[in-house]
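See structure below.
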Amino acid sequence: MKNYPNSFLKSELKQVLDEKGIEELVIVGAMSHMCIDATTRAASDFGYKTTVVHDACATRDLEFRGQMVPAAQVHATLMSALAFAYATIVTTDEYLAK
């Protein structure tokens, strides 16, 4: 059961993946600025080859100190940050073409 944005936190996920010899993870879901971000960074830190299928992820508009940040900008910001050092970022079509 997942109770935290980081899917590895206080769960058996890493143990299960390691027992099965899994070395590569594909991450999709919601929300880009929370669970996708936290889980992708943790997976990379644990040494998994990590791919995020960005158009299979979702987020929402956010607000910071009275400034609204549209969901598209939130998503693009997170994907660019993850692409910098944590994961390969692809579209669904790119992933399926592999």
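Numbering (my numbering), first residue to last: 44 to 141. For glycine and all other residues, C-beta sits at the position ideal for the given N, C-alpha and C.
| Among Cys78, Arg108, Tyr91 and Ser50, which has the Cα closest to the Cα of Asp61? | The residue with the shortest Cα to Cα distance from Asp61 is Tyr91.
| query | What is the C-beta distance between Thr82 and Ser50, in whole angstroms, given that I count them as a contact (C-beta under 8 Å)? | reply | 4 Å
| What is the DSSP secondary structure of Met74, reduced to helix, strand or coil? | coil
| request: With DSSP collapsed to three states, give me the class of Lys92. | output: strand
| So what does DSSP say about Phe127, is it helix, strand or coil? | helix
| said: On a Cα-Cα basis, can you pick out the residue from Leu56, Ile132, Met44 and Ala140 that is closest to Ala85? | reply: Leu56
| query | If you measure from the beta carbon of Val117 to each beta carbon in chain B, is any gap under 7 Å? | reply | Although the question refers to chain B, the structure presented lacks it and comprises just one protein chain.
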